[in-house]
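Everything on this sheet refers to the single structure shown next.
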Amino acid sequence: MKTTWVKGLGTAIIGLSLLTACAEESTMSSSEAEGKTTEENTEQTEQKEQQEKAEAAIEIKTEQFGAWKDSIDNVYGSYSAVITNTGDKPAMIGDIQINFEAEDGSILGTMPMVMAVPDIVMPGETAYIGENTGLESVSDAGEVAGVSTNIDFSSTDEEPIMLKTENVKLNEGKDEYSNAYSVTGTVINPNEEMADDIRLAAGLYDADGNFLATLTGSIMVSLNKDGKAGFELNYPELPKEVRGKAAEVKVKAYNWTF
Numbered sequence: 003m004k005t006t007w008v009k010g011l012g013t014a015i016i017g018l019s020l021l022t023a024c025a026e027e028s029t030m031s032s033s034e035a036e037g038k039t040t041e042e043n044t045e046q047t048e049q050k051e052q053q054e055k056a057e058a059a060i061e062i063k064t065e066q067f068g069a070w071k072d073s074i075d076n077v078y079g080s081y082s083a084v085i086t087n088t089g090d091k092p093a094m095i096g097d098i099q100i101n102f103e104a105e106d107g108s109i110l111g112t113m114p115m116v117m118a119v120p121d122i123v124m125p126g127e128t129a130y131i132g133e134n135t136g137l138e139s140v141s142d143a144g145e146v147a148g149v150s151t152n153i154d155f156s157s158t159d160e161e162p163i164m165l166k167t168e169n170v171k172l173n174e175g176k177d178e179y180s181n182a183y184s185v186t187g188t189v190i191n192p193n194e195e196m197a198d199d200i201r202l203a204a205g206l207y208d209a210d211g212n213f214l215a216t217l218t219g220s221i222m223v224s225l226n227k228d229g230k231a232g233f234e235l236n237y238p239e240l241p242k243e244v245r246g247k248a249a250e251v252k253v254k255a256y257n258w259t260f
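Residue numbers for the sequence shown follow the numbering used here, beginning at 3 and rising by one.
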């Protein structure tokens, strides 16, 4: 009887030890899980705070401007630029105003409501600006000494609906009365969504990669997924000084939406 009782006690002790070990194991697993959840919550909070602090920042990477007089003594000014989003959120580009200035800083003429292509710029990405205007108060193109630019933009969570291009060709004007360059090619819609307001811009560069000017345009066609359409860009008129200098062209195309 004594021996039997000792064996039973031994069995009970072993069973109790197992239960204690399981309880400790369960407690440790619960603590680890709780710690992991806390860590994940902390990371999510930090990410949310970073997203809330993130902002877009638009800077003019490089710009070119010029002025000229036509055959009937009208003076025109042109402006082209590459802008970059140096922030960490997409930038929605609003109104852009270009001011042509005299040597003393006085305003000779303005270009309001200039459009960027594309109008939403992702962090680290670029957009093109290109436009010209008549300078009615200017009698000599040499009066234009500089430009100033105001770009209205805001942070956004939207992304541009970018399109692809192929068979892009840079064409030089045939004579002194035609625009210095035109750009032709094919635009393709790679998106599921139909593209029905297609806007394009071509940046012209010299053989050393220096930016010269921008040509812009749009095509009024609707493209389903994988649809293609031809385009030709020959606006705005460019200063004659760029003639013969362009060696490379880079085209951006996107579908504009409200």
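Idealized CB from N, CA, C, for every residue including glycine.
Three-state secondary structure (DSSP) of residue i
| i | result |
| --- | --- |
| K242 | helix |
| A69 | strand |
| E138 | coil |
| C24 | For C24, the predicted model reports a pLDDT of 49, less than 50, meaning its position is unreliable; a value from the coordinates is still stated below. Helix at C24. |
| A249 | coil |
| A143 | helix |
| E164 | It is Met, not Glu, that sits at residue 164 in the sequence shown. It is a strand residue. |
| N236 | coil |
Contact under 8 Å by Cβ, residue i with residue j
| i | j | result |
| --- | --- | --- |
| T128 | I163 | no |
| I100 | V149 | yes |
| S82 | G132 | yes |
| E57 | S157 | yes |
| D208 | L214 | yes |
| E161 | M124 | yes |
| E239 | N181 | yes |
| A197 | L235 | no |
| S154 | D97 | Checking the sequence, you will find Asp at residue 154 rather than Ser. Contact: yes. |
| A255 | V189 | yes |
| K230 | E194 | no |
| L206 | Y237 | no |
| S80 | G89 | no |
Spatially closest choice to residue i from the options, by CA coordinates
| i | options | result |
| --- | --- | --- |
| Y78 | A248, T88, K242 and N193 | K242 |
| L110 | D121, G89, T135 and D97 | T135 |
| V251 | S157, A231 and T167 | T167 |
| V170 | D228, A203 and E57 | A203 |
| D121 | K176, I95, T186 and D198 | I95 |
| S220 | V119, N193 and K227 | V119 |
| G126 | D106, D154, A93 and G175 | A93 |
| V140 | F233, V223, P114 and F102 | F102 |
| D210 | A249, G232, V244 and D199 | A249 |
| A147 | D106, I200, T259 and E65 | D106 |
| A104 | K91, M113 and D142 | D142 |
| W258 | P192, L165 and G232 | L165 |
In DSSP terms, what residue i is bridged to
| i | result |
| --- | --- |
| E195 | According to DSSP, which records beta bridges pairwise, E195 is partnered with nothing at all. |
| T151 | I100 |
| N257 | I163 and I200 |
Closer than 8 Å to chain B by CB, residue i
| i | result |
| --- | --- |
| A59 | You won't find chain B in this structure, because it holds only one protein chain. |
Any beta strand (DSSP E) of 3 or more consecutive residues that is wholly inside the stretch 49-132: 60-71, 77-87, 93-103 and 109-116
Which runs of the beta strand (DSSP E) at least 3 residues long sit entirely within the stretch 172-228? Give them in chain order. 183-190, 200-207 and 213-221
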